[in-house]
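Worksheet for the structure shown next.
Protein chains: 4
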Amino acid sequence: MIELVANRYGKAAIRLVRVTRDPGGHHVRDLTVAIALEGDFDAAHTDGDNTNVIATDTMKNTAYVFAKDHLDGPIEAYGRALAEHFLGEPQVDVATINVRAHQWNAIDVAGTPAPDAFVRGGEGTRVATVSASLGGVLVEAGVEDLIVMKTGRSAFSGFPRDRYTTLPETDDRLMATRLTAVWRYGAPDLDFDATFAAVRATLLEVFADHDSASVQESIWIVARALVERHEEISEIRMVLPNLHHWLVDLSPFGLENDREIFTPTTEPHGLIEATVRRGEG
Amino acid sequence: MIELVANRYGKAAIRLVRVTRDPGGHHVRDLTVAIALEGDFDAAHTDGDNTNVIATDTMKNTAYVFAKDHLDGPIEAYGRALAEHFLGEPQVDVATINVRAHQWNAIDVAGTPAPDAFVRGGEGTRVATVSASLGGVLVEAGVEDLIVMKTGRSAFSGFPRDRYTTLPETDDRLMATRLTAVWRYGAPDLDFDATFAAVRATLLEVFADHDSASVQESIWIVARALVERHEEISEIRMVLPNLHHWLVDLSPFGLENDREIFTPTTEPHGLIEATVRRGEG
Amino acid sequence: MIELVANRYGKAAIRLVRVTRDPGGHHVRDLTVAIALEGDFDAAHTDGDNTNVIATDTMKNTAYVFAKDHLDGPIEAYGRALAEHFLGEPQVDVATINVRAHQWNAIDVAGTPAPDAFVRGGEGTRVATVSASLGGVLVEAGVEDLIVMKTGRSAFSGFPRDRYTTLPETDDRLMATRLTAVWRYGAPDLDFDATFAAVRATLLEVFADHDSASVQESIWIVARALVERHEEISEIRMVLPNLHHWLVDLSPFGLENDREIFTPTTEPHGLIEATVRRGEG
Amino acid sequence: MIELVANRYGKAAIRLVRVTRDPGGHHVRDLTVAIALEGDFDAAHTDGDNTNVIATDTMKNTAYVFAKDHLDGPIEAYGRALAEHFLGEPQVDVATINVRAHQWNAIDVAGTPAPDAFVRGGEGTRVATVSASLGGVLVEAGVEDLIVMKTGRSAFSGFPRDRYTTLPETDDRLMATRLTAVWRYGAPDLDFDATFAAVRATLLEVFADHDSASVQESIWIVARALVERHEEISEIRMVLPNLHHWLVDLSPFGLENDREIFTPTTEPHGLIEATVRRGEG
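Chains as they are written, first to last, in the numbering used here: chain S, 1 to 281; chain P, 282 to 562; chain G, 563 to 843; chain D, 844 to 1124.
Laid out in structure tokens, this is it:
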């Protein structure tokens, strides 16, 4: 016997820009949205019966229509409105909405922000994932592609040495990463924008201001601080590629290179991930 | 109380090429390898104690050394050798090795394959993931980035219509996808190369030779056929983006467009995934 | 005084697929088209006067309409039809059409090509550029992203050594590249498909079957052979990144590495380009 | 007779990071460098004679060594030092150095910039190209990948309509682009950092604060302003893809969409380029 044991479908990479034309200036929201549904869709697979299959094109249309009415506030609220809308269909058990927000800043014109011209910028991308099911609404927020570097206070030593080990120990290396952090909120209603800004600031601050014995320890220190200082967070997952910066050997040229000239690399890279949670105790 | 609830680390994007210089001609293996470990690594996080932390640089070195001795056969055997090596360290509970194989074909010179010149090609990328733990060795194989298209025998109709639905029904659409399929083998020892070739051939053949009522049904038909026809497979997971090809409206130019001229798109795309398993019954 | 000294505009990345439904099976053409015009467009810049500005959206529409009537033959003919169409507008001095053709192969079903299912493949991308002006029509053809490798018969030695030189000489290295070759045809009317196939075959054959003292010499040997053997070609330009494959140092592990295990890299890479022409003499 | 009519070679994608450890805090320079030489290299092609071929590996080494001594000032000075170094070799006629600078900002810790932790950011990438020949030194500077958007004061109308034209006229569209601008300095010695900052500020300011009848007119207005206001600039070339944002048709859902909800797209895109020069008059 052959069974369908899991399935999930939706629309990904829905791109949308909303321009709000206030008297004091325009506001731009620029989002990439993904929608995924789980539920009673077995017949679509095994019988070619599409009775329950909300078309992914319909999902896209819904994302655009909801952008008109549900995007005045944070992306988490927009995601929740979409998630609850799709959960309202009887065949849907879980609706998951992922939103990535691309940042546009008003262009500075002689000290004043332009009312209607923007430059894309930002350090990392703000993301939110809202998932709605009969069990309730779960909201996660986070940052992706936040590229950060410590040029000091980063070591890596004391690791085991076997016949395959050539890496020297170091008490002062350069550590760089393209950080992903996604945290779960304990409640579905929050001041999402203010909380995001505060969590992101803590994340950067603790990353900058700690002594690192390894990427692993850095993750723990940053993640623990986020959970400690932000009671809205119940759990956080971090993924940090270790984007190695190798000291260039300048000795063939009669030069010393005291942690000054590095080659940044992306292949291969370390990849370190961990999940940290607020316990019951 | 704040807890470390999960962690995992390793080296990704290890690039390696092995050239074997046989009298009859050279052979090229071109791999991208990722290694990930789980186990007793809590102290590295919470105490900055690296005693147990096998350096990811050591992992990379090991991948190169093992390429000399363990890469005469299939990539699954190479992956298994690496996985079992790392599982041999007492602090390791699970070692997972992912291998992607990039294809090089001997260049044809006047009807004869060149002994030492190659062109990169291939339709999709062969992948294998071997994971070793106290529970045993689990081998998965598959293809990624296999781009395929049905220009006939593909429909999508009978889906529900609500106020957000504008997609017309169709009994003859173009269906294109960048297919990922990963199947689990029931046993860790097989003729992996022959099995892979046979499974891949079935996959393409069934994809080509079936009537599709939806991407969901196509996944089911293909996945079921793979499990039915290849007893080595116990489970298969497929992920199919629906890379929409929209019919261009040529009516403003006084022309009919009877399923002839399409605009291929990548944003947004449908995303359909399912897992099919051989049951006990 | 401030002058507009050059300008050019058009539409790029027009994606189009054409399906021809013959009784014996479907045929798929999958193209990416770029259109660029030069001519009397100064007023659009300096006066905001769009009287002469053929909208790039119109160019896109034209590319789709012409795909119906002018795409039964080679991409060069399609490009020429578009180029001559735009040159027909009085304000246009030069119309340049670039076409990239993505390859789809019929899927094999039990030894027979499927009539309506395809897999994307191919080694490199075929390209054509047609440019029409009062001076006539110029046709260029070529390949891009043709990734090739020589595992033998490739050396690099005899280069100068100064205080910045550390590279050892070698009489047997691995040479890999992502080759671009664009050749100019001496006449605008040819059997473009047959000529392309023949030139491409020569290119691969000579690449495989020559001794290389450097990438520079390889370019010369290949380019000269193409011009010598294919009288249709008047000039050829080749661009070859040198995608270094570094021999892994296995001596720390007590192992020899006699040109067997390599690390392929993309950053940094050599970049070698040259143009070779049939002279008058 | 077959001739080598042009050739050029070098090393591209040299990645380097320099950390300067001042008492008040670290400074990070993060560059991607490309080096290209033209000169007496014919024998390398036609005779396999590498006597004159400075190895591209040597170029890479030189870039690292020069980063120690010549990177305290602007990237233009670093590029010039490298260019003049290579021009010093007798076989070199032209040495061209391209430098792209990636921006790192000190992380803010409770209102104070961290001395040794950075976040990658920036709006666009600063670039410089220095080319040295017997004729002298030519310095170009610019920005790449500066993504900007006008949500007002942008129109496109008055263009010709033929049977292929469907685009409606508009007096209020959204205009977005990923701008490249490269300007030539009239002299090889300037306060490059201050000049770059001033030119970039003008560029953004004029982009924000003008009425656009087309991308063409915008290029002219911006480029002319740069040449007018910055006497250091003798010529400027701008390349602007028109990244169309299409108004979503919400009428099927009974909703008006008055320039509010857009779909951003990248394929196809307009592509408009022009060069503007300070004339003699």
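By construction, the Cβ of each residue, glycine as well, lies at the ideal position given by its N, Cα and C atoms. Note that the structure is a prediction, hence the values are computed from the model and not measured.
task = Spell out whether any CB of chain S is found under 7 Å from the CB atom of residue 900(D).
result = Answer no: the Cβ-Cβ gap between residue 900(D) and chain S never drops below 7 Å.
message = Using a Cβ distance threshold of 8 Å, determine whether the region 186-206 of chain S contacts the region 134-141 of chain S, with at least three qualifying pairs required.
response = With the cut-off at 8 Å, the region 186-206 of chain S and the region 134-141 of chain S touch.
query = Any idea if residue 1089(D) is buried or exposed, counting beta-carbon neighbours within 10 angstroms, 16 or more meaning buried?
reply = The residue is exposed, with fewer than 16 neighbouring Cβ atoms inside 10 Å.
request  = Using three-state DSSP, classify residue 502(P) as helix, strand or coil.
outcome  = Note: residue 502(P) maps to helix in three-state DSSP.
request  = Closer than 6 Å by C-beta to residue 147(S): which residues in its own chain qualify, once you throw out the five before and the five after it? Chain order, please.
outcome  = The residues are 178.
task = Could you check what DSSP says for residue 830(G) in three-state terms: helix, strand or coil?
result = DSSP places residue 830(G) in coil when its eight states are reduced to three.
message = Determine whether the beta carbon atoms of residue 1042(D) and residue 1080(D) lie at a separation below 7 Å.
response = No, they are not a contact pair.
Cβ shell of residue 788(G) (< 7 Å), same chain only, five flanking positions each side left out = Apart from the 5 residues on each side of it in sequence, residue 788(G) sits with its Cβ closer than 7 Å to the Cβ of 745, 761, 764, 765, 795 and 798 in its chain, given in chain order.
query = Going along chain G in order, which residues have a C-beta closer than 7 Å to the C-beta of residue 1060(D)?
reply = The answer, in chain order, is 606, 607 and 610.
task = Answer with buried or exposed for residue 567(G), where buried requires no fewer than 16 other C-beta atoms within 10 angstroms of its C-beta.
result = Answer is exposed; the Cβ neighbour count stays below 16.
request  = Could you please tell me which residues of the region 229-240 of chain S, in chain order, have their CB closer than 8 Å to any CB of chain D?
outcome  = Hits within the stretch: zero.
Contact under 7 Å by Cβ, residue 1113(D) with residue 573(G) = Their beta carbons are under 7 Å apart, which means residue 1113(D) touches residue 573(G) by this criterion.
ask   = Can you tell me the Cα-Cα spacing of residue 488(P) and residue 1095(D), whole angstroms?
value = One C-alpha to the other measures close to 35 Å.
task = Using the DSSP secondary-structure output, state which residues sit across from residue 870(D) in a beta bridge.
result = BP columns for residue 870(D) point to 863(D).
request  = Leaving out five residues on either side along the sequence, give the residues of the same chain with a beta carbon under 6 Å from the beta carbon of residue 997(D).
outcome  = Same-chain partners within the cutoff: 1016, 1018 and 1055.
request  = Provide the residue span of the alpha helix (DSSP H) that contains residue 164(S), from first to last.
outcome  = Counting along the chain, residue 164(S) falls outside any alpha helix (DSSP H), and DSSP gives it neither H nor E.
task = May I ask you to list, following chain order, the residues of the region 988-1002 of chain D that have a beta carbon less than 8 Å from some beta carbon of chain S?
result = Of all residues in the region 988-1002 of chain D, only 989, 990, 991, 992, 993, 994, 995 and 996 place a beta-carbon less than 8 Å from a beta-carbon of chain S.
inquiry  = Strictly under 7 Å for the Cβ-Cβ distance: is residue 467(P) near chain S by that measure?
reply    = So, not an interface residue.
task = Note down the Cα distance separating residue 672(G) from residue 55(S), rounded to an integer number of angstroms.
result = The C-alpha of residue 55(S) is placed about 34 Å away from the C-alpha of residue 672(G).
message = Out of 850(D), 870(D), 865(D) and 876(D), which one is the CA nearest neighbour of residue 830(G)?
response = Nearest to residue 830(G) by C-alpha distance, out of 850(D), 870(D), 865(D) and 876(D), is 876(D).
ask   = Whose C-alpha, out of 19(S), 119(S) and 195(S), is nearest the C-alpha of residue 1101(D)?
value = Taking the Cα of residue 1101(D) as reference, the smallest distance to any Cα among 19(S), 119(S) and 195(S) is reached at 19(S).
ask   = Of all the CB atoms in chain P, is at least one closer than 7 Å to the CB of residue 269(S)?
value = Judged by the 7 Å Cβ criterion, residue 269(S) is in contact with chain P.
ask   = Using the C-alpha atoms, what's the distance from residue 223(S) back to residue 44(S)?
value = CA-to-CA, the gap between residue 44(S) and residue 223(S) works out to about 42 Å.
ask   = residue 901(D) to residue 602(G), Cα distance in whole Å?
value = When rounded, the separation of the alpha-carbon atoms in residue 901(D) and residue 602(G) is 47 Å.
query = residue 245(S) versus chain D: which residues are under 8 Å apart at the beta carbon?
reply = Chain D residues near residue 245(S): 860.
ask   = Alpha carbon to alpha carbon, what distance is there between residue 432(P) and residue 1008(D)?
value = The straight-line gap from Cα to Cα measures roughly 29 Å.
query = Given a threshold of 16 other Cβ atoms within 10 Å of its Cβ, counted over all protein chains shown, does residue 1057(D) qualify as buried or as exposed?
reply = When all chains shown are included, residue 1057(D) counts as buried.
message = Give me the DSSP bridge partner(s) of residue 508(P).
response = Beta-bridge annotation (DSSP): residue 508(P) is not paired with any residue.
ask   = So, residue 783(G) versus residue 772(G), is the Cβ gap smaller than 7 Å?
value = The Cβ atoms of residue 783(G) and residue 772(G) sit closer than 7 Å to each other.
query = Looking at residue 819(G) and the ligand FAD, is the gap between the Cβ and the nearest heavy atom below 6 Å?
reply = Absence of the ligand FAD is noted for the structure shown, with no ligands found whatsoever.
task = State the DSSP-derived secondary structure class of residue 1050(D), mapped to helix, strand or coil.
result = Residue 1050(D): helix per DSSP, three-state reduction.
query = Does any residue of chain S bring its CB to less than 7 Å from the CB of residue 728(G)?
reply = Chain S contact via Cβ: present.
inquiry  = Suppose contacts are defined by Cβ-Cβ distances below 7 Å. Is residue 403(P) in contact with residue 378(P) by that definition?
reply    = Residue 403(P) is not a Cβ neighbour of residue 378(P), given a cutoff of 7 Å.
task = Go through the region 174-201 of chain S residue by residue and report every complete run of the beta strand (DSSP E) that reaches 3 residues or more, in order.
result = Taken in chain order, the complete beta strand (DSSP E) segments of 3 or more residues contained in the region 174-201 of chain S are 175-185.
ask   = If you measure from the beta carbon of residue 1065(D) to each beta carbon in chain S, is any gap under 7 Å?
value = Between residue 1065(D) and chain S, the shortest Cβ-Cβ separation is not below 7 Å.
inquiry  = Please confirm whether residue 293(P) has its beta-carbon closer than 7 Å to some beta-carbon of chain S.
reply    = So, interface residue.
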